[in-house]
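Trainee:
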Amino acid sequence: MRTALITGASGGIGKEFAQLFAENGYNLVLVARSEEKLKHIAQKLESQYKIKVTVLVEDLAKPNTASKLYEEVKKRGIIIDTLINNAGFGDLQDFVEENLNTVTEMLQLNVTTLTGLTSLFVKDMKARNSGKILNVASTAAFQPLPKFAVYAATKAYVLHFTEALHYELRNTAIKVSVLCPGPTSTGFNKRANAEELNFLKNGMDSKTVAQIGYNGLMKNKMTVIAGFKNKLMSLSRTIPSRRLLIQVIGKMF
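All you need for the working numbering is the position in the sequence shown, starting with 1, plus 6.
So this is what it looks like as C-alpha cells:
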C-alpha cells in the first residue's frame, strides 16, 4: 500500500490532505508539533479507512529535523511514495521589529527543512523512478509583501525551487507540483498576528484548497493556484514596474 508523508498535519490544509489521501487508500505518516491533535486525527482515519497512520511529533522549525525525520522513517521501514511539504508560518510586522529567533525559525521551517526533506526523499524516488512531491507555497510568492517580508520571500523560494525541480524531473515518472493558496481558513492568521487584515478574512476553506492541490499533483501540474481570485492576484508578477508593484501591495496592509 502507498504511503504519504504530510507535514503540518495537525490542522488546516495539512489535516485535509491527510483526509484526502486516506480516502484514496494511502497509509499516512503525519508530522506536526501537537501529539494530541495528531493522535486524534490518526485514530479517526485508521478507524474510518482501515489504513495505518504513523504519528511523528517533531518541531520542523528546529535545525537538522529533516535528517532526523528521514532517518526515523527509514528505521521504521516505511517507503514514502508521496511527500507533502505543507508546514510553514508567517509573522505580520515590519521586518525591523521582528524577533531574530522568529525569523530564523521561519527560514528553517519554510525553506531549510522543506528543502532537506525534498532532497532526501526525492533521491529514493529517483532510484525507484516513482513518487510524488507537493510543496506548499502561497500567492505571497508572486510579489514582495511589506510586513510579511521574510514570509513572502520564503514562499517565492518554494515556488521557484519546486518549479525548477519539476522541470529537472520531467523525463521521469516522479510528479512534482507547487500549491499556491491565497487567504485560507486555517490557524495561519492567528499565528501570524494577522487576524484583523480585511483581505485575509473570508478565505477559501481548507478542504477546497487541499482538493485543488491533490488534483493538481495527480495531474503533475507544475504550479497549482487555488481559486480564481488568487489566479488574478498571481498576475501581479506581470506588472513591469517593481516600484509600482510594491506601492500597490503596500497599501493593502
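For each residue, glycine too, the CB sits at the ideal point set by N, CA and C. Keep in mind the model is a prediction, meaning the values are calculated, not measured.
Buried or exposed for residue 148, please, with buried defined as at least 16 other CB atoms from any protein chain shown within 10 angstroms of its CB.
Mentor: On the sequence shown, position 142 is the one that residue 148 refers to. Label assigned to residue 148: buried.
Trainee: For residue 31, is the classification buried or exposed, using 16 other Cβ atoms within 10 angstroms of its Cβ as the cut-off for buried?
Mentor: In the sequence shown, counting from the first residue as 1, residue 31 sits at position 25. Exposed, since its Cβ has fewer than 16 Cβ neighbours within 10 Å.
Trainee: Could you tell me the distance, in whole angstroms, from the CA atom of residue 168 to the CA atom of residue 228?
Mentor: Translated into the one-based positions of the sequence shown, residue 168 becomes position 162. Translated into the one-based positions of the sequence shown, residue 228 becomes position 222. Those two C-alpha atoms are separated by around 8 Å.
Trainee: At the level of alpha carbons, what is the spacing between residue 26 and residue 215?
Mentor: If you number the sequence shown from 1, residue 26 lands on position 20. If you number the sequence shown from 1, residue 215 lands on position 209. When rounded, the distance between both Cα atoms is 11 Å.
Trainee: On a CA-only basis, which of 84, 180, 53 is nearest residue 133? Give me that one, please.
Mentor: Position 127 of the sequence shown holds residue 133. Of the listed residues, the one whose Cα sits closest to residue 133 is 180.
Trainee: By how many angstroms is the C-alpha of residue 15 removed from the C-alpha of residue 22?
Mentor: The count along the sequence shown starts at 1 and reaches residue 22 at position 16. The count along the sequence shown starts at 1 and reaches residue 15 at position 9. Their Cα atoms are separated by approximately 8 Å.
Trainee: Let's see if you can read the secondary structure: which residues bound the beta strand (DSSP E) around residue 181?
Mentor: Looking up residue 181 in the sequence shown gives position 175. Run containing residue 181: 180 to 186, per the beta strand (DSSP E) assignment.
Trainee: Determine the direct distance from the alpha carbon of residue 102 to that of residue 9, and round the result to whole angstroms.
Mentor: As a working note, residue 9 is residue 3 in the sequence shown. As a working note, residue 102 is residue 96 in the sequence shown. Rounded to whole angstroms, residue 9 to residue 102 spans 42 Å at the Cα level.
Trainee: Among 34, 231, 220, which residue has its Cα nearest to the Cα of residue 52?
Mentor: Within the sequence shown, residue 52 is the residue found at index 46, counting from 1. Checking every option, the nearest Cα to that of residue 52 belongs to 34.
Trainee: Are the region 46 to 61 and the region 117 to 124 touching by the rule of at least three beta carbon pairs closer than 8 Å?
Mentor: Contact between the region 46 to 61 and the region 117 to 124 is absent, because fewer than three Cβ pairs lie under 8 Å.
Trainee: Three-state secondary structure (DSSP) at residue 67?
Mentor: Stepping through the sequence shown from its first residue, residue 67 is reached at position 61. Here residue 67 sits in coil by DSSP.
Trainee: Given this structure, state the Cα-to-Cα distance separating residue 11 from residue 210, to the nearest angstrom.
Mentor: Taking the sequence shown and counting its residues from 1, the one referred to as residue 11 is at position 5. Taking the sequence shown and counting its residues from 1, the one referred to as residue 210 is at position 204. C-alpha separation (whole angstroms): 24 Å.
Trainee: For residue 89, which residues does DSSP report across the bridge?
Mentor: By one-based count along the sequence shown, residue 89 stands at place 83. For residue 89, which the question treats as bridged, DSSP gives the partners 11, 139.
Trainee: Here's a check: name, in chain order, each residue in its chain whose Cβ is nearer than 6 Å to the Cβ of residue 60, leaving out the five neighbours to either side.
Mentor: Here residue 60 corresponds to residue number 54 of the sequence shown, with the count starting at 1. Same-chain partners within the cutoff: 35.
Trainee: Using a Cβ-Cβ cutoff of less than 6 Å, which residues in the same chain neighbour residue 72 once the five nearest sequence positions on both sides are dropped?
Mentor: As a working mapping, residue 72 is identified with position 66 in the sequence shown. Contacts found: 119, 122, 123.
Trainee: Where does residue 100 sit, in a helix, a strand or coil, going by DSSP?
Mentor: As a working note, residue 100 is residue 94 in the sequence shown. Residue 100: coil per DSSP, three-state reduction.
Trainee: Which of the three DSSP states is assigned to residue 34 in this structure?
Mentor: Looking up residue 34 in the sequence shown gives position 28. DSSP places residue 34 in strand when its eight states are reduced to three.
Trainee: State the Cα-Cα distance for the pair residue 89 and residue 104, rounded to the nearest angstrom.
Mentor: The residue given as residue 89 occupies position 83 in the sequence shown. The residue given as residue 104 occupies position 98 in the sequence shown. Straight-line Cα distance between these residues: approximately 31 Å.
Trainee: Ignore the nearest five residues each way along the sequence and tell me which others in residue 198's own chain have a CB closer than 6 Å to its CB.
Mentor: Within the sequence shown, the letter at position 192 stands for residue 198. With a pLDDT of 49 at residue 198, under the threshold of 50, the modelled position of this residue cannot be trusted; read the value that follows with caution. Cβ neighbours of residue 198 beyond the five flanking positions: 96, 97, 98.
Trainee: Buried or exposed: which applies to residue 247, given that a residue is buried once 16 or more other Cβ atoms fall within 10 Å of its Cβ?
Mentor: In the sequence shown, the residue the question calls residue 247 occupies position 241. Reliability fails at residue 247, whose pLDDT of 49 lies under 50, so the model's placement of it is uncertain and the value that follows must be treated cautiously. Its Cβ having fewer than 16 others within 10 Å, residue 247 is exposed.
Trainee: Quickly, what does DSSP pair residue 293 with across the bridge? List them, please.
Mentor: In the structure displayed, the chain extends from 7 to 259; residue 293 sits before or after that span and is not available.
Trainee: Can you name, in chain order, every residue of its own chain whose Cβ lies under 7 Å from the Cβ of residue 144, other than the five neighbours on each side?
Mentor: As a position in the sequence shown, residue 144 is number 138, starting the count at 1. Result list for residue 144: 161, 186, 187, in chain order.
Trainee: Do you know offhand how far residue 84's Cα is from residue 78's?
Mentor: On the sequence shown, residue 84 is found 78 positions in, with the first residue counted as 1. On the sequence shown, residue 78 is found 72 positions in, with the first residue counted as 1. If I take the Cα positions, the gap works out to 9 Å.
Trainee: State the Cα-Cα distance for the pair residue 68 and residue 111, rounded to the nearest angstrom.
Mentor: Here residue 68 refers to the residue found at position 62 of the sequence shown. Here residue 111 refers to the residue found at position 105 of the sequence shown. The alpha-carbon atoms of residue 68 and residue 111 are separated by roughly 7 Å.
Trainee: Using DSSP's beta-bridge definition, name the partner residues of residue 130.
Mentor: Here residue 130 corresponds to residue number 124 of the sequence shown, with the count starting at 1. According to DSSP, residue 130 bridges with nothing at all.
Trainee: For residue 65 and residue 141, what's the separation of their Cα atoms in angstroms?
Mentor: Locating residue 65 in the sequence shown gives position 59, counting from the first residue. Locating residue 141 in the sequence shown gives position 135, counting from the first residue. In a straight line, the C-alpha of residue 65 is about 18 Å away from that of residue 141.
Trainee: On the criterion of 16 or more Cβ atoms from any shown chain inside 10 Å, does residue 129 qualify as buried, or is it exposed?
Mentor: Residue 129 sits at position 123 when you count from the first residue of the sequence shown. The residue is exposed, with fewer than 16 neighbouring Cβ atoms inside 10 Å.
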